[in-house]
Amino acid sequence: MTVKQSFLFFIITVFLHGHENIITIQDEAEYLKKKQEITLCFSPKGLPLFGYIDKKNVGILPEIMSLIEKKIPIPMRYIPVKTWKECIGLSKEKKVDIAAMIITAPNRHKHLKPSKKILEGFIGIATKMNESPFYEMDNQALKKVSFLKGQISVKQYMKQKFPNLVFVTVDSIQEGLQLVAEGKVFGYVDDTYTLAYHILNLYSNELKIMGRVNKTPLTASIGVHKDDVILLNIVNKAIDEIEAQEIRNIIHDWIAVRVENAFDYTLLIQIVSVFLIVLFVSLYWVRKLLREVNKRQVAEKELRWFNDNLEKEIFSKIQEIHYKDAMLLEKTKLAAMGEMIGSIAHQWRRPLSTLHINVEMLEEDYKEQKIDKDFLKQFIKKNSEIIQYMSQTIDDFQNFYKIDKEKRLFDVMDKIKSVSDLKLNQLEENGITMTKEGESFTVLGYPSEFQQVILSLISNAKDAILDNKINNPSIKIVLFTDDSKGYIKIIDNAGGIDDETLDKVFEPYFTTKEQNGGTGLGLYISKMIIEKNMGGRLIISSKDGGSEVLITLAKEKHE
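To convert, count from 1 in the sequence shown and add 6; that's this note's numbering.
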């Protein structure tokens with residue numbers, strides 16, 4: 007025996023004495039010393055079970071295997087495969103020691119012996135939102151479903167339970183779900199972990215998990231070659247050392263949505279109804295605002311006619327214009343409400359879905375005896391975070407529409423963040439990146455009106471990016487100061503503004519978006535707020551393939 011082998015044997019023996027409940031016999035110690043590493047392969051099915059991120063193995067299965075590896079004193083090495091069939095072939099030829107995971111019973115792979123249970127799961131079917139639950143359907147109603155190539159066990163189980171099904175084989179999970187979304191098949195069949203993960207991330211408003219096909223959960227185990235009895239014994243002892251809560255935590259971290267048996271749309275309908283009412287109110291005010299704009303145009307013509315008339319008449323008309331300007335300022339804010347409602351709808355959609363399904367599945371978790379002190383603590387924490395997030399969105403929305411009656415001190419960056427946070431989901435859905443940087447400062451003015459200006463400038467940048475179909479679109483907000491003034495730059499890469507348009511952007515009623523209902527008042531009102539109401543300056547220029555807006559404000563010394 008060489009010195010290196012003797013040292014390795016000593017290390018393993020010391021480890022075994024410290025973990026007597028894992029390895030307790032000399033044969034296993036000799037086996038591990040000789041083995042030096044354990045090779046394994048996973049089914050390359052995709053997340054959440056197994057996938058690659060930044061060239062690393064990630065998912066439920068790699069994290070569980072990492073727990074097992076910590077209980078065994080030699081490392082595990084992953085052997086990459088392209089298909090599950092290839093993984094099974096390698097295990098049959100003894101080129102890998104472990105194939106993960108296999109169904110415990112019935113075990114289709116006779117050369118493999120299953121370890122103790124690692125996971126429990128259900129077969130589910132993903133359908134469109136409007137489809138009826140299983141218990142409201144007969145066998146004939148299920149006509150055509152898709153399933154992932156290579157999942158023979160899933161197909162056999164569904165065929166036995168629903169003999170009239172027509173199966174469509176797909177090469178990927180995304181392809182199967184897309185066929186459902188397009189109405190080409192009734193549903194896509196897979197394990198509920200996979201369905202939940204992909205629906206939440208790709209089809210949260212289109213598809214649902216209609217129900218569980220099997221009432222009794224299927225169990226999954228690690229597959230070890232039937233001739234390798236010692237390794238199977240070692241793996242089983244390692245599994246015994248793992249707390250069930252550790253595996254539940256891994257699953258909960260990857261899966262944020264649960265299976266529903268019958269979705270209750272009452273709450274969703276109520277919320278949508280409220281949003282529709284607010285939307286109709288905002289449309290009403292937009293129409294009223296347009297009428298006010300037309301009246302103002304008439305008033306300006308009359309003012310020119312009265313230019314040579316009596317001083318009293320001129321003064322009267324000037325007062326009328328001032329009143330209309332004030333009305334335009336408030337009603338322009340109302341006109342922006344429709345866009346803000348869309349932002350809030352995007353902010354609320356996913357947390358509402360997650361919160362509702364988590365509550366729906368609480369009874370199911372109770373029946374499965376999964377509810378303990380740690381479960382409740384985690385359940386309360388996660389759902390409280392969702393509720394706090396939604397509450398903060400409403401607070402931001404309310405603060406945005408408060409009417410400022412007098413000037414007050416406010417932090418510029420705080421107000422910019424409040425507006426940009428409400429627009430963030432809408433920008434991300436269009437692939438637009440927004441960044442904010444620089445040193446904040448305090449000014450004296452009207453915070454609600456200032457936020458209206460920021461919202462208008464961000465919306466203009468977004469519209470220009472979408473109209474020009476910009477690659478890698480971005481909006482950047484930069485703050486900086488000097489001794490007496492603070493500056494805000496809003497920069498986009500939407501292609502810039504031509505010189506002819508640049509000369510007219512601050513004229514009232516001038517717009518490049520007539521087809522999309524533009525009123526031509528956004529920049530006019532923004533300039534009036536910054537320069538007239540807050541004593542600052544607002545200018546726009548074209549630089550480096552984009553537009554740059556520079557706002558200059560007097561910085562307060564009591565920061």
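Built from N, CA and C at the ideal position, the CB exists for glycine as well. Being a predicted model, the structure only gives us computed values, none of them experimental.
Fill in: Sheet register partners of S152 (DSSP bridge)
Checking the DSSP bridge columns, you'll see S152 partnered with V174 and Y194.
Item to complete: Answer with buried or exposed for Q276, where buried requires no fewer than 16 other C-beta atoms within 10 angstroms of its C-beta.
Response: Result: exposed.
Discussion item. According to DSSP, simplified to helix, strand and coil, what is G541?
Written reply: When secondary structure is reduced to three states using DSSP, G541 falls in the coil class, being assigned neither helix nor strand.
Worksheet item: The beta strand (DSSP E) with T448 in it runs from where to where?
Response: For T448, the enclosing beta strand (DSSP E) has its first and last residue at T448 to G451.
Practice prompt. Under the assumption that I85 contacts A226 (Cβ atoms under 8 Å), give the Cβ distance between them as a whole number of angstroms.
Written response: Their Cβ separation, rounded to whole angstroms, is 20 Å, which puts I85 and A226 out of contact at 8 Å.
Fill in: CA-to-CA distance, V555 to I2, given in whole angstroms
The first residue shown for the chain is 7 and the last is 565, placing residue 2 beyond what the model contains.
Item to complete: With DSSP collapsed to three states, give me the class of N207.
Response: DSSP places N207 in the helix class (H, G or I) of the three-state scheme.
Worksheet entry | Euclidean distance between Cα positions of L430 and I377 | Going from the Cα of L430 to the Cα of I377 covers about 36 Å.
Worksheet item: Is the stretch 186-196 close to the stretch 124-137, with three or more CB pairs under 8 Å?
Response: The stretch 186-196 makes contact with the stretch 124-137; the number of CB pairs closer than 8 Å reaches 3 or more.
Worksheet item: How many angstroms separate the CA atom of G65 from the CA atom of F48?
Response: Here the alpha carbon of G65 sits roughly 11 Å from the alpha carbon of F48.
Worksheet item: With respect to the alpha helix (DSSP H) encompassing G528, which residues constitute its N-terminal and C-terminal limits?
Response: Element bounds for G528: G528 to M534.
Worksheet item: According to the Cβ coordinates, are K618 and G451 closer than 8 Å?
Response: Only positions 7 to 565 of the chain appear in the structure, and residue 618 is not among them; the question remains open.
Worksheet item: Is it buried or exposed for K373, if we count other Cβ within 10 angstroms and need 16 for buried?
Response: Under this definition K373 is an exposed residue.
Worksheet item: Which term fits N170, buried or exposed, when burial requires 16 or more other beta carbons within 10 angstroms of its beta carbon?
Response: Exposed.
Worksheet item: If you run the structure through DSSP and keep just helix, strand and coil, what is K122?
Response: Three-state result, K122: coil.
Item to complete: Could you pull out every residue in the same chain whose Cβ sits closer than 6 Å to the Cβ of W260, ignoring the five residues on either side in sequence?
Response: Excluding sequence neighbours, W260 sits near P54 and I66.
Worksheet item: Which whole-angstrom value describes the C-beta separation of L73 and E252, a residue pair presumed to lie in contact below a C-beta threshold of 8 Å?
Response: About 6 Å; that satisfies the 8 Å criterion.
Worksheet item: Grouping DSSP H, G and I as helix and E and B as strand, with all else coil, what is K482?
Response: Correct three-state label for K482: strand.
Worksheet item: Thinking C-beta only, is I236 closer than 8 Å to Y37?
Response: Result yes, Cβ atoms of Y37 and I236 sit closer than 8 Å.
Worksheet item: Opposite V555 in the DSSP bridges: which residues?
Response: I496 and I546.
Worksheet entry | Sequence-distant residues of the same chain with beta carbon closer than 8 Å to L238, five excluded per side | K119, S121 and V230.
Discussion item. In the DSSP output, what is R414 paired with across the bridge?
Written reply: For R414, DSSP records a beta bridge to G451.
Discussion item. Suppose only complete runs of 4+ residues qualify. What are the alpha helix (DSSP H) ranges in the stretch 32-107, listed by chain order?
Written reply: Whole alpha helix (DSSP H) segments, 4+ residues: 32-41, 66-76 and 90-98.
Fill in: Nearest neighbour of E212, chosen from D234, A202, A470 and R218 [CA to CA]
Out of D234, A202, A470 and R218, A202 has the C-alpha closest to the C-alpha of E212.
Practice prompt. Taking E443 as part of the beta strand (DSSP E), name the residues at either end of that continuous run.
Written response: Looking at the DSSP string, the run of the beta strand (DSSP E) that includes E443 is T439 to G444.
Worksheet item: With G444 and N499 assumed to form a contact (beta carbons below 8 Å), what rounded beta-carbon distance in angstroms separates them?
Response: G444 to N499, Cβ: 19 Å. No contact.
Practice prompt. Give the DSSP bridge partners of H231, in chain order.
Written response: Beta-bridge annotation (DSSP): H231 is paired with L118.
Practice prompt. Have a look at K39 and N242 and give me their C-alpha separation to the nearest angstrom.
Written response: Taking the CA atoms as reference points, K39 sits about 18 Å from N242.
Practice prompt. Could you please give the first and the last residue of the uninterrupted alpha helix (DSSP H) stretch that includes I179?
Written response: It spans I179 to A187 - the alpha helix (DSSP H) in which I179 sits, taken as one unbroken run.
Discussion item. Counting C-beta neighbours from all protein chains within 10 Å, is the total for D103 16 or more, i.e. buried, or is it exposed?
Written reply: Buried, by the Cβ-count rule.
Discussion item. Could you give the first and the last residue of the continuous beta strand (DSSP E) run that contains I257?
Written reply: If you look at I257, you'll find it isn't in any beta strand (DSSP E); it sits in the alpha helix (DSSP H) that goes A250 to W260.
Practice prompt. May I ask you to report which of helix, strand or coil DSSP gives I129?
Written response: Three-state result, I129: strand.
Worksheet item: Do S159 and R218 have their CB atoms nearer than 8 Å?
Response: No. Outside cutoff.
Worksheet item: Exposed or buried, what is G502 when buried is set at 16 or more other beta-carbons lying within 10 Å of its beta-carbon?
Response: Classification of G502: buried, given that the 10 Å Cβ count is 16 or more.
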